[in-house]
Amino acid sequence: MSELLKHPGESETNTLSPEAKAAAHSRRAFLFKLSLLLNGAVGALLAVPLVGYLLGPTMRKSSGGDLGVGAWVGLGPVNEFPVGETRLVDFESPVKSLGDGETGKVACWVRRVSDQQFQVFAINCAHLGCPVRWFSESKLFMCPCHGGAYYEDGSRASGPPERGLFEYRYKVDNGTLTIHAGELPTLATQARCSEKDKPLVQIQSAATPATPGKEAEPWQG
Amino acid sequence: MAGIKDRATKAGLATFNWVESRLGLIKTAWGFASHPTPANNASWWYVFGSAATVLLMLQIVTGVLLALVYSPSANEAWSSLNFLNHNVTLGWYLRAIHGWGSDFMIAIVLIHMVQVFLFGAFKFPRELTWMVGVLLLLMTLGMAFTGQVMRFDQDAYWGLGIGASISSRVPLIGAPLVHMVLGGPTLGGATLSRFFTLHVFVIPGLLLASVGVHIWMTLYHGVSDWPMPGRLVKKATYVEEYHELTEKTGIPFVPDAAWKDAVFAAAIILAVMATAFFFGPFGPGGPPDPTIIQTAPKPDFAFLWIYAVLAFLPPSIETPVMLVVPVLAIVGMLLLPLVNGEGERHWAKRPVAVLMVSVIAVSLGIFTRLGTYTPWSPIMSAWSGDAVPPQYLHGRTPLERQGALVLQNKQCRNCHSLDHIGGQRGPALDDVASQLTEDQIIRQVLQGGGNMPAYGNALNPSETKALTQFLETLRGPELEPAVDASRKLAQTSEVKRPTPPSQTLRAAR
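In structure tokens form, the structure reads like this:
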């Protein structure tokens, strides 16, 4: 190696082992530590937009104030819903976005209790979100997944669900039934799609069977 | 001729030397491949790890090829799969290989894990190899779930809904977590995109890196020797004993042991190809349109057992069980080699290990079996589609026949079977009158209870009467009608002598 030309920057400590060199050059070692610190700082700075982007969907843009995500959607003239009947209604999700395709469609069950009183249920079972079906003869909603069943007023009848069906807020606007929709109803997000004071858990004990006659107080907008 | 041959050999050698002197990897790799391994582990029991790796390669190759056509957009994914099935040359076969390859991979990974567990191969010094293996299992299952989402059909759509519903049960952060899983407030394009990212970039990257670490540790510690009863693993002596064994009985892994791996790998790939050829691709099922509610969503085979467990958990403990048990199970698997890193390796000396594997395997088997026919789900079309067994109509009064109609019309058959036809959610009604008295039947129908809805609001008195009369005729073969023993006592005064049962019955009428 001695025949090689010396690099101008090379010092006299060439005979030392690399570790010893590093120890001898406390300035370089210090600069390396400094560079680690610098990269840590830059990394932290870079993490802000990266993590912010990743967590973007969790930060709700609650344009609707306390109503949360979504908007009011018309379901059709009220006279399309006969009193005492429960009907399946499809609508376009107000939060439908680019490339959603068919998944931008939503279905709900509309029950007209009386002339001015409605109940609009999400089709998603309160257990694990499968689509419940209405059976007018037995006046039950039944879930195909794990056998959850609900009475006509949406209260829990049997099976694994721990509460009744999720309800949308509704109002009657110029003879049109309108609901506030936009969020997939689940146990955590239901508070923004049904009455806030509705108890989360509605399990009835076997000793006190359900009273299917009682009507839930609908939310009037 | 000999001159040409010599020159060709020379040229080949020169090329090899040119590459190797620059690459510097081939000799190192050969050194690893031909490392000596104890002769006793050159066994057919030791082929599953390499088979899992080969299946992973198959999945990567077929996955990359499918990505050439697949469109990861909620708008087009379902159509692009149908396009693959019907319009792309051999598209159906590539989809079939990728789908069946996934099932085979889960099976082989599980078999590999059971083998390592029963052979005690997770013990010192291979604890970390096992822990990385547990992560590999989780990633394999993660690939299976996200892969099911890629098949963007009804099952995938509602499966994602189930995932969101489970996430929503996490305390405090439920709502943000749902939005995180879905990529927004609802299930749609953003959801498919993020699962595509997981399935194609994130998990495969982690999976490949972890497989690399897993294999490196296998090379570093050597493949575990065949367990012998009474030969205990001790941290102080094991490594020395292993090296001694390798020195005495060692054979080069390639080719002396690896030929079995190679044969099994070829067999398993052929098996995937054959299964894919004969059974074809998975779906896609119905389009991912949430307004089509005439569907009974079901997960893929590997997750059927979870689907079944979720049907049986009582509502009151469901959320804690859903959120806590998986964490405990995973932590338990990860900690296993740290808790039990020494001692006996042979299964014959580890009855608890054998019992655990048996119980877990049987449980998974039973729940998967139940998941295939979902006895807990109402059969939505039974009430209108299933016939009333004729023997239950013979010799019945008009009122009783009317009751049979009420039973059909009120959808009782969706949950109750007659003559083995109908739902299995509730008990079969063939001998209901031998189980319940008339009063009990009326109470049960009107008030429900025991997981049956109350029908008080759905039945008028005449319907109730007819239904009860019909049910009263269902006694099963040669069984007596149920009697209420307390009725007898209620009508018997303490001071009077009890009347014979026949008189009591008459009195009751």
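These protein sequence lines map, in sequence, to chains A and B.
In terms of the numbering used here, the first sequence opens at residue 369 and continues consecutively.
In terms of the numbering used here, the second sequence opens at residue 825 and continues consecutively.
Just so it is clear, CB atoms sit at the ideal spot from N, CA and C, and this is done for glycine as well.
Is it buried or exposed for residue i, if we count other Cβ within 10 angstroms and need 16 for buried?
i, result
"Val416/A", "exposed"
"Trp842/B", "exposed"
"Lys834/B", "exposed"
"Thr1288/B", "buried"
"Asn407/A", "exposed"
"Asn899/B", "buried"
"His1218/B", "exposed"
"Trp854/B", "exposed"
"Gly1274/B", "exposed"
"Tyr421/A", "exposed"
"Pro577/A", "Any reading at Pro577/A needs caution, since the residue's pLDDT is 40, under 50, leaving its predicted position unreliable; the model's value is listed next. Looking at its Cβ environment, which holds 16 or more other Cβ atoms inside 10 Å, Pro577/A is buried."
"Trp587/A", "Reliability of the predicted coordinates at Trp587/A is poor, the pLDDT of 41 falling under 50, and the value obtained from them is presented with this limitation in mind. With 16 or more Cβ atoms within 10 Å of its Cβ, Trp587/A is classed as buried."
"Arg1169/B", "buried"
"Val451/A", "exposed"
"Gly467/A", "buried"
"Tyr985/B", "In the sequence as displayed, the identity of residue 985/B is Gly instead of Tyr. The residue is buried, with at least 16 neighbouring Cβ atoms inside 10 Å."
"Ile921/B", "buried"
"Ser1406/B", "Limits of chain B in this structure are 825 at one end and 1333 at the other, which puts residue 1406/B out of reach."
"Ala832/B", "exposed"
"Glu460/A", "exposed"
"Asn492/A", "buried"
"Ile828/B", "exposed"
Please identify the residue among the options whose C-alpha is closest to the C-alpha of residue i.
i, options, result
"Phe1355/B", "Ala931/B, Gly925/B and Thr1297/B", "No answer is possible for residue 1355/B: it lies beyond the span of chain B, which begins at 825 and ends at 1333."
"Val1078/B", "Val1149/B, Pro1305/B, Asp830/B and His859/B", "His859/B"
"Ala1126/B", "Phe840/B, Ser904/B and Ile932/B", "Ile932/B"
"Pro1139/B", "Ser385/A, Val488/A and Glu530/A", "Glu530/A"
"His1249/B", "Phe969/B, Leu1260/B, Cys1236/B and Val1026/B", "Note that residue 1249/B is Arg in the sequence shown here, rather than His. Checking every option, the nearest Cα to that of Arg1249/B belongs to Cys1236/B."
"Leu961/B", "Asn909/B, Leu1031/B and Asn1275/B", "Leu1031/B"
"Phe534/A", "Gln484/A, His514/A, Gly543/A and Ala475/A", "Ala475/A"
"Gly442/A", "Thr557/A, Arg537/A, Ser506/A and Gly408/A", "Arg537/A"
"Val938/B", "Phe872/B, Glu1142/B and Leu959/B", "Phe872/B"
"Trp1171/B", "Ala901/B, Val994/B, Pro1051/B and Gly887/B", "Pro1051/B"
"Glu1071/B", "Ala1089/B, Ala1309/B, Gly1046/B and Met1097/B", "Gly1046/B"
"Phe1191/B", "Leu1147/B, Leu1179/B, Glu1166/B and Ala1135/B", "Ala1135/B"
"Val1005/B", "Trp440/A, Pro425/A and Leu399/A", "Pro425/A"
"Val1176/B", "Gln1271/B, Ser845/B and Leu942/B", "Leu942/B"
"Ser504/A", "Pro512/A, Thr383/A, Ser482/A and Trp477/A", "Trp477/A"
"Pro1222/B", "Thr1297/B, Ala1211/B and Arg1174/B", "Thr1297/B"
"Arg919/B", "Gly998/B, Leu1069/B, Thr886/B and Ile930/B", "Thr886/B"
"Asp1113/B", "Ile828/B, Ser903/B and Thr877/B", "Ser903/B"
"Gly522/A", "Val481/A, Leu405/A and Gly436/A", "Val481/A"
"Arg1299/B", "Pro1150/B, Trp1200/B, Ala1252/B and Tyr894/B", "Ala1252/B"
"Gly1110/B", "Gly1104/B, Val1155/B and Ala1120/B", "Ala1120/B"
"Val1145/B", "Pro1161/B, Ile850/B and Ile1130/B", "Ile1130/B"
Based on DSSP bridge pairs, tell me the residues matched to residue i.
i, result
"Ala475/A", "Asp458/A"
"Ile1245/B", "Leu1242/B"
"Gln590/A", "With chain A covering 369 to 589 only, the question about residue 590/A has no answer from this structure."
"Arg524/A", "Tyr518/A"
"Met510/A", "Arg501/A and Ala517/A"
"Met881/B", "Beta-bridge pairing links Met881/B to no other residue."
"Gly1273/B", "Met1276/B"
"Ala1282/B", "Answer is none; Ala1282/B lacks a bridge partner."
"Ala328/A", "Because chain A spans 369 through 589 in this model, residue 328/A falls outside it and cannot be assessed."
"Asn492/A", "Pro499/A"
"Val540/A", "Leu545/A"
"Gly1074/B", "Pro862/B"
"Gly1250/B", "BP columns for Gly1250/B are empty, so no partner."
"Glu535/A", "Phe489/A"
"Val1057/B", "Gly1167/B"
"Gly444/A", "Leu545/A"
Chain C beta carbons: is any one of them nearer than 8 Å to that of residue i?
i, result
"Gly515/A", "In the displayed structure, chain C is absent; the protein chains listed are A and B."
Given the structure, does residue i come close to the ligand FAD, in the sense that its CB is under 7 Å from one of the ligand's heavy atoms?
i, result
"Asp1308/B", "Of the ligands one can find in the structure shown there are none, so the ligand FAD has no counterpart to examine."
Any residues in the region 1227-1238 of chain B with a beta carbon nearer than 8 Å to a beta carbon of chain A? Which ones, in chain order? Asn1233, Lys1234, Gln1235, Cys1236 and Asn1238
Alpha helix (DSSP H) segments (min. 4 residues) lying fully within the region 960-1006 of chain B: 978-991 and 998-1006
The region 1153-1183 of chain B: which residues have C-beta closer than 8 Å to a C-beta of chain A, in chain order? none
Chain-ordered residues of the region 546-561 of chain A with a beta carbon less than 7 Å from chain B: Gly550, Glu551, Leu552, Thr554, Leu555, Ala556 and Thr557
Cβ-based contacts, 9 Å cut-off: residues of the region 842-867 of chain B near chain A: none
Within 7 Å of chain A by C-beta, residues of the region 1096-1114 of chain B in sequence order: Pro1111, Pro1112, Asp1113 and Pro1114
If you measure beta-carbon to beta-carbon, which residues of the region 1268-1283 of chain B are closer than 8 Å to chain A? Gln1271, Gly1272, Gly1273, Gly1274, Asn1275, Met1276, Pro1277, Ala1278, Tyr1279, Gly1280, Asn1281 and Ala1282
What are the residues of the region 1119-1131 of chain B that lie near chain A, defined by any Cβ-Cβ distance shorter than 9 Å? Thr1119, Ala1120, Pro1121, Lys1122 and Tyr1131
When you check each C-beta in the region 961-991 of chain B against every C-beta of chain A, which residues fall closer than 8 Å? Tyr981, Trp982, Gly985, Ile986, Ala988, Ser989, Ile990 and Ser991
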